[in-house]
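Note that numbering that gives the first Met the number 0 gives residue 480 to position 481 of the sequence shown, counting from 1, and the numbers run on in steps of one.
Heads up, the beta-carbon is just placed ideally off N, CA and C, and yes, glycines get one too.
Below is one structure; the comments refer to it alone.
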Amino acid sequence: MESLGGSYHQTTGDDIPEALLQFAEAENVTQIVLGASRSGRLSTFLRAGVGHRTIQRSGPIDVLVITHEHAAGATSSLRLPHPSRATGPRRFWTAMLLAAITLPGLTAVLVLLAEHVDLAFALVLYLLTVVVIALVGGLVPALLAALSAGLLADYYFTPPVHSLRVERLSDVLALVVYVVTAVIVGIAAGTAARRTYQAVRASAEARALSRLATAMMHGQDLPTPLEQVREDFGLEAVSLLARDTGHAAEPRWYVVASTGEHPPERPYDADVESPVGDDLTLAARGRPLSGDDQRVLGACEAQLGMAYSHGRLAAHDAESGLRATVEHTRASLLLTASRDLRGPLSTADDALSSLGAGTDPEETRLLAAARSSVGRAVQLVSDLDELSRLHAGALDLYLRPVALDEVLTAVLDALGPGGHTIQCRLPEQLPDVIADAAVLTRVLTASAAEAQRHSPPDRPPRLTAEIRGGQVQIHVEDGADETVRGAECGTHPSRRPDSLTLRMCRDLMESMGEPLEPRAPAPASP
0 MESLGGSYHQ TTGDDIPEAL LQFAEAENVT QIVLGASRSG RLSTFLRAGV
50 GHRTIQRSGP IDVLVITHEH AAGATSSLRL PHPSRATGPR RFWTAMLLAA
100 ITLPGLTAVL VLLAEHVDLA FALVLYLLTV VVIALVGGLV PALLAALSAG
150 LLADYYFTPP VHSLRVERLS DVLALVVYVV TAVIVGIAAG TAARRTYQAV
200 RASAEARALS RLATAMMHGQ DLPTPLEQVR EDFGLEAVSL LARDTGHAAE
250 PRWYVVASTG EHPPERPYDA DVESPVGDDL TLAARGRPLS GDDQRVLGAC
300 EAQLGMAYSH GRLAAHDAES GLRATVEHTR ASLLLTASRD LRGPLSTADD
350 ALSSLGAGTD PEETRLLAAA RSSVGRAVQL VSDLDELSRL HAGALDLYLR
400 PVALDEVLTA VLDALGPGGH TIQCRLPEQL PDVIADAAVL TRVLTASAAE
450 AQRHSPPDRP PRLTAEIRGG QVQIHVEDGA DETVRGAECG THPSRRPDSL
500 TLRMCRDLME SMGEPLEPRA PAPASP
């Protein structure tokens with residue numbers, strides 16, 4: 000209360016409305032909000048409630064009375080009506096007990112007043128009793144009560160009394176009409192009771208599904224609709240469980256959402272278990288559910304499953320959006336960095352080229368190493384720029400049939416003098432491939448340059464092509480053996496599968512719809 004800018008006060012008094020209004024006047028209150036009275040109609044008739052008395056004495060102060068679920072006349076419970084309350088054995092035996100008590104009691108009273116009671120008056124009272132029994136227990140108790148009442152009326156109020164014989168035809172007709180009327184009224188009353196229950200049940204089901212649909216429409220979290228399900232069915236606790244599909248031998252479950260005290264954590268710990276989908280289960284603890292409750296619960300399960308799926312999709316979309324934003328930001332930064340580095344590296348390359356060969360062997364070696372490093376940096380910046388353009392969606396692709404022999408010739412020419420050292424093993428007839436010629440040439444050139452850079456002089460890199468399953472597979476392998484390759488992976492970042500060059504080549508190939516997979520080379524033949 001204080002966190003919202005208000006204050007909490009308590010006031011006492013023998014007259015609640017008077018004490019409340021005195022405090023309101025002392026604090027200059029202009030409006031009072033009260034809850035509706037819980038008192039029933041009889042209590043309200045005998046004495047007005049607090050709200051009514053406060054309104055009468057409030058004067059200029061506004062008094063607002065709001066309703067709530069516990070107010071008089073409001074729905075006392077949100078749970079669905081149980082079938083046994085209208086048609087179950089409990090009501091049947093209640094009606095039978097009522098008949099066993101009321102019929103003998105009414106007969107005893109009428110016998111005491113026999114001088115003032117005739118057959119017609121007795122039959123009317125018996126008919127009223129049968130109607131009450133029919134409303135309580137339905138048709139069968141009403142029929143038994145009607146027949147029993149007819150026999151009692153014949154025995155005690157039809158001449159000759161204390162006998163089941165009837166002498167007058169009018170009395171026979173009166174008894175027959177009474178029994179027929181009692182049966183008809185009993186049937187009508189029992190049918191009305193069932194129809195009333197069905198209407199109340201249908202209204203409660205519609206209200207439950209409407210509340211759940213409203214919660215789904217407003218995008219509320221799963222605990223809120225689960226709490227509504229718990230209230231509607233009168234359960235103690237409800238859990239939505241998901242199965243971990245990674246453990247097929249022994250299924251493992253985890254709680255997606257729950258409500259209530261001590262919610263079940265596994266399906267076999269619950270009193271009510273109902274699958275929502277292949278990997279979801281609604282588990283509840285409390286009373287067993289009837290067939291009608293199970294039917295309504297099935298409709299609720301469908302909405303809960305949809306809410307769970309929508310929640311996962313929303314979380315995935317949010318994660319994808321965040322990932323796309325991060326990727327776009329990173330691509331922009333990489334593109335800016337590559338453009339900023341291009342100028343200084345070009346200047347350094349020109350400066351090293353103008354220094355000449357050098358006179359001292361050590362100086363010559365250092366200059367060559369510097370030129371190689373700067374050239375490598377220039378190539379990395381170029382790869383970085385290409386990768387940034389690809390991630391930013393600025394790379395235009397033109398897929399068409401491409402002659403593979405022409406692409407391989409362009410790759411060897413782009414490698415310069417080092418391209419003549421690559422061992423090529425190609426089939427005699429190379430089919431055309433669907434690709435972007437410039438992008439494919441770029442990928443093969445970068446891959447061959449990487450393989451050439453890490454191959455010893457006596458073992459040049461290899462470029463092979465083969466046709467498998469209607470596809471052309473191109474393999475680029477360096478000449479280093481497996482021992483040297485494993486030792487150099489830590490010192491040469493470009494040897495790692497996640498190096499910039501390999502990542503650029505992989506992304507370029509994936510942009511054309513084809514994979515690029517690093518693999519261990521076959522052992523060299525002795």
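DSSP state of residue i mapped onto helix, strand, coil
i, result
"Ser238", "strand"
"Arg364", "helix"
"Glu476", "strand"
"Ser6", "coil"
"Gln219", "coil"
"Ser308", "helix"
"Arg399", "strand"
"Glu300", "helix"
"Thr408", "helix"
"Glu226", "helix"
"Glu166", "coil"
"Gly512", "coil"
"Ala269", "coil"
"Pro274", "strand"
"Gly259", "strand"
"Asp231", "helix"
"Leu425", "coil"
"Gly34", "strand"
Nonlocal neighbours in the same chain, by C-beta distance under 6 Å from residue i, ignoring five residues either side
i, result
"Ala283", "Leu234, Val237, Ala269, Val271"
"Gln472", "Glu465"
"Leu425", "Ala464"
"Val255", "Leu239, Ala241"
"Gly12", "Ala18"
Whole-angstrom distance between residue j and residue i, CA atom to CA atom
i, j, result
"Pro159", "Asp170", "11 Å"
"Leu462", "Leu221", "57 Å"
"Gly468", "Asp316", "37 Å"
"His327", "Ala376", "24 Å"
"Ala141", "Leu109", "21 Å"
"Ala450", "Arg322", "33 Å"
"Leu332", "Cys423", "39 Å"
"Val49", "Glu26", "20 Å"
"Arg341", "Gly276", "56 Å"
"Leu118", "Thr157", "7 Å"
"Leu379", "Val373", "10 Å"
"Thr223", "Tyr7", "29 Å"
"Phe232", "Asp292", "7 Å"
"Tyr125", "Leu105", "8 Å"
"Arg338", "Ala301", "55 Å"
"Asp384", "His309", "39 Å"
"Ala201", "Arg194", "10 Å"
"Gln545", "Arg311", "For the chain, the structure presents residues 0 to 525; residue 545 sits outside this window and is missing."
"Thr10", "Ala23", "10 Å"
Sequence-distant residues of its chain with Cβ nearer than 8 Å to residue i (five each side left out)
i, result
"Trp252", "Leu240, Ala241, Arg242, Asp243, Glu264, Arg265, Pro266, Thr280"
"Ser510", "Leu389, Leu394, Leu396, Val438"
"Arg56", "Pro16, Glu17, Leu20"
"Phe91", "Gly136, Gly137, Val139, Pro140"
Test: residue i CB closer than 8 Å to a CB of chain D
i, result
"Arg341", "Any reference to chain D falls outside this structure, which holds one protein chain only."
Proximity below 8 Å, CB of residue i to CB of residue j
i, j, result
"Met215", "Ala313", "no"
"Leu398", "Ile433", "yes"
"Gly185", "Ala133", "yes"
"Leu561", "Ala368", "There is simply no residue 561 to check, as the chain begins at 0 and stops at 525 in what is shown."
"Ile65", "Val116", "no"
"Ala436", "Val475", "no"
"Gly136", "Tyr177", "no"
"Val182", "Ala145", "yes"
"Leu19", "Thr53", "yes"
"Ser147", "Ala98", "yes"
"Arg229", "Thr258", "yes"
"Leu163", "Tyr155", "no"
"Met508", "Val410", "no"
"Arg210", "Gln227", "yes"
"Asp404", "Leu366", "no"
"Ala445", "Thr500", "yes"
Rounded Cβ spacing between residue i and residue j (contact assumed at less than 8 Å)
i, j, result
"Val295", "Glu204", "5 Å"
"Gly189", "Leu122", "Going by Cβ atoms, the distance from Gly189 to Leu122 rounds to 20 Å, so no, they are not a contact pair."
"Asp61", "Gln30", "5 Å"
"Val536", "Thr440", "There is simply no residue 536 to check, as the chain begins at 0 and stops at 525 in what is shown."
Cut-off 7 Å between Cβ atoms - residues of its own chain near residue i, not counting five sequence neighbours on either side
i, result
"Pro477", "A quick correction: the sequence has Asp, not Pro, at residue 477. Cβ neighbours of Asp477 beyond the five flanking positions: Ala450, His453, Ser454, Pro460."
"Ala448", "Leu414"
"Ala298", "Leu208"
"Leu540", "Summary: the structure shown does not reach residue 540, with the chain confined to residues 0 through 525, and so no result is reported for it."
"Glu260", "Glu235, Ala236"
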